[in-house]
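Enquirer: Below is the structure I would like to discuss, written out as structure tokens.
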Amino acid sequence: MREKKKMAMVTVDFHANIVLSQQLREAFGDQVEVVPVLLHDCDVIDTEGMDLIVCSSELIEKSVRAKINQEVPLVSVKRTINVMNVLELFSLDREEKVLLVSNLPSIAQETIKLLKELGIEHVEFVPHYPGYNGPVYDIAVTAGGKHLVPQGVKRIIDIGLRVIDTSSIIEIFLKLDLPTKELHILSEKYSKEMIHLNAYHNEMNNMLKAMFQVSNDGIAALDTEGSIFFYNHKFAELIGYKGRRLIFRNIMDLIEDESIIDILLDVQDRNHEIVNIHRKEIILNKRLLYQGNKLRGHVIGIQELLYIQNLEKEVRKKLVDKGFIAKYDFKDLVGNSEELQNKIALAKKIASKDLTVLIQGEDGTGKEIFANGIHNCSKRKNETFVAVNMAALSENLVESELFGYEGGSFTGAAKRGKAGFFEQAHGGTIFIDEIGDASSKIQMSLLRVLQEKSIIRVGGSKIIPIDVRVIAATNQDLYDLVLKGKFRKDLYYRLKVLHFKVPTLRERIEDIPSLAQYFFEKLNSNKYLSDEVIQAFNHYSWPGNIRELENLIYYLDSIVEKQRVTLRDLPEELIAQLTPFNELPQWEGEHASKNLFFVEKMDVYIEILKILERANRLDLKIGRNKITEILKTKGLNFSTEQIRTKLNKLEELGLVDIGKTKQGTRINEKGKIFLKENECKN
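Heads up: the sequence shown runs through residues 1 to 682, numbered per full-length UniProt numbering.
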């Protein structure tokens, strides 16, 4: 029986010794005994019975020879990298600066050389080793030296310890003078590994091809001359060659437009170019394809613009259904008044600064439209917009709705938990309406979110960082609530970084005609307001603001049959609330009836004028007490003070003359004419 060979595997590093010794055992099996030796653990290497000493690198060969007490053959192996471990490196961005971390500068340089030989030339490797004080980058690559990676690195890629190269394995085989048949076994073993690697590559290629074929985008790879060496079915379809074989055909023979050819073959990346191919608008993207530093070709991605537009519509619809999109813009604020335009200009400036906003204003003024507009003019415009109405949230659920909850945290909670509005708004904007209705507990939670920029779900302990712009709105005087102790002072000032007040409708009455017309057009209606109605609206207080005007227009469009809306078409409850006459312009003659009509129901004034006209015919003096009594017999109950007010209005219109004490009130000629005209109408 042949005597078993014996060799020492000498390294500096303990972990490297374990890996390399195991590799030798697997390579030579029971034909060779492998003895691990750490160089710095011994003054003299025991070579008794040793057939060979293997050094992990040429760097330690001199030190090893100094520790050998007799002449024994010595081999310094070449090291290589396991190809299967470096696939992740191909995904790194081109020209990215990456640390190559090792224990020695020479080992770092050697590893960089090996990686470049494997085709990883698109990144810039920077050697890093103990004692090196150069810059630290986000990514570090190391061959088994994670413990050497400096602080500040965000991503570590460990490609594993470098193993003994096949050529060195063969050299060891020859030095040990093993039988030739064993070499065949060794060769077969490494051949199997190569076959396995090739099979893996083929499998990956087939998988990538399948992925490209099911893609909705057209994808093709061209060489530098324009010949197609890869494409998918969608690419052929979009350029008008569906079902045709395009492999190795030149793109210049398939697309006639020279400007498109220039884009496809120039030496620069392209993003979102819009081109016309066979009467279709196509969006084109292109990336240059390098092997090392040499340009090898171009990767093309194309898609029909109409497809993307339809896809965007579908996505936006889903976001709208969820309420996670800003539906309005500043253009939805109707009116040209100076007051409104100044606020829009201010809001646009606010939109450009990524800070918290507080919008104050009465109900119905358009605070939500302003909030939408700010989002759509900000750098977050392509992100989510989540609108929350504090007044509409249940007190019991408001915290879980805002901040989310973990599964099983309360009765009825979803098993998997749920993200709250703040999490769903991450990267975008959250609009909190009616912030003044927030409870003291929620105010405290909101303050913490604004301070810490993070949330904790109900029933959870994990801190979740969020990047959200907060826009808050209220119809209340928050500072007054602060003074009354109903709103946190610190939260108030956290919210009021950028702020403005939305003008009321009564502060921008010149916008009423355009607003009314806008609402009629929104209903596809051809109705319009008469000048008298607009004049009346200009002197109404509009407590419900634009929302009240909108509702009124809907009412008028539904009720009024003719095109022109007049004073007589207005609802009675509105007439009853119109501004008192002494705050209105004086309308004389034929306008008197219109004035009376929108001030109050005209019937009462007609009855008073009838009483005065009859008294005038009978040459009787009549005062407000008598008028009050007569009206009561007609079922019209008013106090003498109310009658005095109405008589004063009639006098201001020039329809009656009020005498001094106990002279009574008389109808004059203008009043008689007015009464005659309006008796006929009634």
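Positions of the beta carbon are idealized from the N, C-alpha and C atoms, including for glycine.
Here the structure is a predicted model, which means the values were calculated and not measured.
With H, G and I counted as helix, E and B as strand and the rest as coil, what does DSSP make of M390?
Expert: Correct three-state label for M390: helix.
Enquirer: Can you list, in chain order, the residues of its chain whose CB lies under 6 Å from that of F519, leaving out five sequence neighbours each side?
Expert: E550, I553.
Enquirer: Between which residues of its own chain and L650 is the CB-CB distance below 6 Å, once the five residues before and five after are set aside?
Expert: The residues are V656.
Enquirer: Helix, strand or coil for Q268? Go by DSSP, reduced to three states.
Expert: Correct three-state label for Q268: coil.
Enquirer: Cα separation between T633 and L647?
Expert: Taking the straight line from one Cα to the other gives about 19 Å.
Enquirer: To the nearest angstrom, how far is it from the Cα of G134 to the Cα of V101?
Expert: Their Cα atoms are separated by approximately 12 Å.
Enquirer: Going by the beta-carbon positions, is the gap between T356 and I471 smaller than 9 Å?
Expert: Going by C-beta atoms, T356 is nearer than 9 Å to I471.
Enquirer: Which word fits D257, buried or exposed, when buried means at least 16 other C-beta atoms lie within 10 angstroms of its C-beta?
Expert: The residue is exposed, with fewer than 16 neighbouring Cβ atoms inside 10 Å.
Enquirer: Suppose you measure from the CA of E510 to the CA of P503; what does that come to, to the nearest Å?
Expert: Near 12 Å, if we compare the C-alpha coordinates of P503 and E510.
Enquirer: Quick check: is any heavy atom of the ligand ZN less than 8 Å from the C-beta of S440?
Expert: What this structure holds is no ligand at all, so the ligand ZN is not there to describe.
Enquirer: If you reduce the DSSP assignment to three classes, tell me which class T111 lands in.
Expert: Three-state result, T111: helix.
Enquirer: Enumerate in chain order the residues of its own chain whose CB-to-CB distance from G49 is below 6 Å, with the five nearest sequence positions on each side excluded.
Expert: Closer than 6 Å at the Cβ level, and outside the excluded window around G49, lie K6.
Enquirer: What is the DSSP secondary structure of E588, reduced to helix, strand or coil?
Expert: With a pLDDT of only 44 at E588, under 50, the local geometry of the prediction cannot be trusted, and the value read off the model is given with reservation. Coil, per DSSP.
Enquirer: Return the CA-CA distance between I172 and S57, expressed in angstroms with no decimal places.
Expert: Rounded to the nearest angstrom, the two C-alpha atoms are 14 Å apart.
Enquirer: Near H272, which residues of its chain fall below 7 Å by C-beta distance, leaving aside the five closest residues on each side in sequence?
Expert: Only I283, N285 meet the Cβ criterion.
Enquirer: Please look up how many angstroms separate the CB atoms of V64 and V10, rounded, as I've assumed it's under 8 Å.
Expert: With a Cβ gap of about 5 Å, V64 and V10 count as contacting.
Enquirer: Using the three-state DSSP reduction, which class does G218 fall into: helix, strand or coil?
Expert: Here G218 sits in strand by DSSP.
Enquirer: Using CA atoms only, rank isn't needed, just tell me which of D619, Y492, R457 is closest to L447.
Expert: Ranking D619, Y492, R457 by Cα distance to L447 puts Y492 first.
Enquirer: Going along the chain, which residues of its own chain have a beta-carbon closer than 6 Å to the beta-carbon of A140, five neighbours each way excluded?
Expert: Hits under 6 Å: L99, V101, V149, V153, I156.
Enquirer: Using DSSP with H/G/I as helix, E/B as strand and the rest coil, what is I442?
Expert: DSSP places I442 in helix when its eight states are reduced to three.
Enquirer: Quick check on K527: buried or exposed, where buried means 16 or more other Cβ atoms within 10 Å of its Cβ?
Expert: It counts as buried.
Enquirer: Apart from the five residues on each side of it in sequence, which residues of its chain come closer than 8 Å, Cβ to Cβ, to S106?
Expert: Correct list, in chain order: L59.
Enquirer: Which same chain residues end up closer than 7 Å to I546 when comparing Cβ atoms and leaving out the 5 residues on each side of it in sequence?
Expert: Excluding positions up to five away in sequence, the list reads G364, T365, G366, L505, L515.
Enquirer: With DSSP run on the structure shown, which of helix, strand or coil describes K6?
Expert: Note: K6 maps to strand in three-state DSSP.
Enquirer: Between T429, R617, F230, which lies nearest to K672 when the distance is taken from Cα to Cα?
Expert: Nearest option by C-alpha distance: R617.
Enquirer: Does the beta-carbon of Y605 have 16 or more other beta-carbons within 10 angstroms, so that it is buried, or is it exposed?
Expert: So Y605 counts as buried.
Enquirer: When the Cβ atoms of the stretch 462-478 are set against those of the stretch 416-431, are three or more pairs found closer than 8 Å?
Expert: The stretch 462-478, when compared against the stretch 416-431, does touch it at the 8 Å Cβ threshold.
Enquirer: Which of helix, strand or coil does DSSP assign to K97?
Expert: Looking at K97 - three-state DSSP - the assignment turns out to be strand.
Enquirer: What beta strand (DSSP E) runs, 3 residues minimum, are completely inside the stretch 318-378?
Expert: List check, beta strand (DSSP E) in window: 357-360.
Enquirer: When DSSP labels each residue in this structure, what does R162 get in the three-state scheme?
Expert: Here R162 sits in coil by DSSP.
Enquirer: Compute the Euclidean distance between the alpha carbons of E225 and G297, then round it to the nearest angstrom.
Expert: If you take the alpha carbons of E225 and G297, they lie about 8 Å apart.
Enquirer: What are the boundary residues of the beta strand (DSSP E) that P36 is part of?
Expert: Residues 32-38.
Enquirer: Could you check the C-alpha separation between Q309 and C377 for me, to the nearest Å?
Expert: Each residue's Cα considered, the two are about 21 Å apart.
Enquirer: My guess is that I442 and E399 are in contact by the Cβ rule of under 8 Å, so how many angstroms apart are they, rounded?
Expert: Confirmed, Cβ separation roughly 7 Å.
Enquirer: Would you identify the three-state DSSP class for N17, choosing helix, strand or coil?
Expert: If DSSP states are grouped into helix, strand and coil, N17 belongs with the helices.
Enquirer: Evaluate the contact criterion for the stretch 384-394 versus the stretch 334-350: three or more CB pairs, one atom per stretch, below 8 Å.
Expert: Judged by Cβ distances under 8 Å, the stretch 384-394 makes no contact with the stretch 334-350, as fewer than three pairs qualify.
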